[in-house]
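Participant: Numbering that gives the first Met the number 0 numbers the first residue of the sequence shown as 0 and each following residue consecutively.
A virtual CB, placed ideally from N, CA and C, is assigned to each residue, including glycine.
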Amino acid sequence: MLVIVAPGQGAQVPGFLAPWLELPGMSERFESWSDVVGLDLKRYGTTADADEIRDTAVAQPLLVGAGLAATAALFGDLSAAPESVDAVAGHSVGELVAAGVAGVLRPEDALALVAERGRAMADAAAQTATGMTAVLGGDRAEVLAAIESHGLTPANDNGSGQIVAAGTLEQLAALAADPPARTRLRPLSVAGAFHTHHMAPAEERVARLAKAISPADPRTRLLSVRDGAVVAGGAEYLDRLVAQISAPVRWDAVTETLAGLGVTALIELPPAGTLTGLAKRALPGVERLAVKTPEDLDRARELVAEHAGTSAPEPEGRS
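1) Bridge partners for M131 per DSSP, in chain order?
2) Of all the alpha helix (DSSP H) runs that stay within the bounds of the segment 214-292, which reach a length of 4 or more residues?
3) Which residues in the same chain have their Cβ closer than 6 Å to the Cβ of D216, if we skip the five residues on either side of it in sequence?
4) Would you mind sorting R28 into buried or exposed? The rule is 16 or more other CB atoms within 10 Å of its CB.
5) From what residue to what residue does the beta strand (DSSP E) around L1 run?
6) When the Cα atoms are used, what is the spatial distance from A101 to P81?
7) Hey, how far is the Cα of G276 from the Cα of L288?
8) Within 8 Å, do at least three Cβ pairs link the segment 174-184 to the segment 194-201?
9) Would G150 and P186 be called neighbours here (beta carbons separated by less than 8 Å)?
10) Find the nearest neighbour of P13 within the set V2, A47 and R105, judged by alpha-carbon distance.
11) Would A307 pass as a contact of D85 if the rule is Cβ separation under 8 Å?
12) Starting from G66, follow the alpha helix (DSSP H) in both directions and report where the run begins and ends.
13) According to DSSP, P153 sits in a beta bridge with which residue or residues?
14) V87 lies in the beta strand (DSSP E); which residues open and close that run?
15) So the candidates are P60, A209 and L274; which of them puts its Cα closest to the Cα of V87?
16) Taking 7 Å as the line, does the beta carbon of R53 fall inside it for any heavy atom of the ligand FAD?
17) Can you look up G99 in the DSSP assignment and give me helix, strand or coil?
18) According to DSSP, simplified to helix, strand and coil, what is L104?
19) Classify G44 as helix, strand or coil using the three-state DSSP reduction.
20) May I ask you to report which of helix, strand or coil DSSP gives P186?
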């Protein structure tokens, strides 16, 4: 059983898009998508520095464009992907890639939505000095209790001993001064407290745009990071995607669902590495491939041929 996963913001690195633009038709594809999002995705993905692509309004469209483009390169056409994989999931903004891979959103709709999402979240982050800190290790219950005691939100529960706390800079400083036992704290280079109540204004803006989009129902298993559920309806998934802007990401729940489904191989779309790293510990025995450049596509196709084939359940079997 094969799952395709798409990483979230923070996975981008300078120049990661360059080798993909060398594929036939890819440069033209990104020129068209740049018009949709109002950004020069080709420049940001090739020559822009780390500070430029750290900007939320830039990073999010860049990640979604890269994920959709790599999927098209892997399967020959984006529309062929749902019949070629058994499940798909995305971390945070990666859910928009997942929606495209599963056939819920057209690429243009996914990109228009993520462009507004990125701008809205950047604007929301500018209202208050907030941030995020990864808490690595420790006892899960103690970590969650410490986060709550400082008024913070466990914005990303990634499993594998990694929970990300989010809130004001003062709250994060208090946590750093009094960390849970046996933990390491790593401040993240992000603009604000994503997936918390601080993002409520962004959720409202994206919800208005989402009303103009007509999603299709997923054509393969599509997992939600709200709770790891396999979602049957496109409209429900779009609603969940919008609500996730100000709600915690439960990648641990996604991993639990994948384990229960019996996944045997996992392919992470570019800029890959984060989710395959988490899967190394959380999904032992599962073959993993981080697709970083087009050179990884041949191995990805081999994994598709070797592992794909478990048909998706009927809608009544989904939740």
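Facilitator: Working from what's here:
1) A165
2) 233-242, 250-260 and 273-281
3) G232 and G233
4) buried
5) L1 to A5
6) 5 Å
7) 10 Å
8) no
9) no
10) A47
11) yes
12) T55 to F74
13) A164
14) A86 to G89
15) L274
16) This structure lacks the ligand FAD, and indeed carries no ligand of any kind.
17) helix
18) coil
19) helix
20) strand
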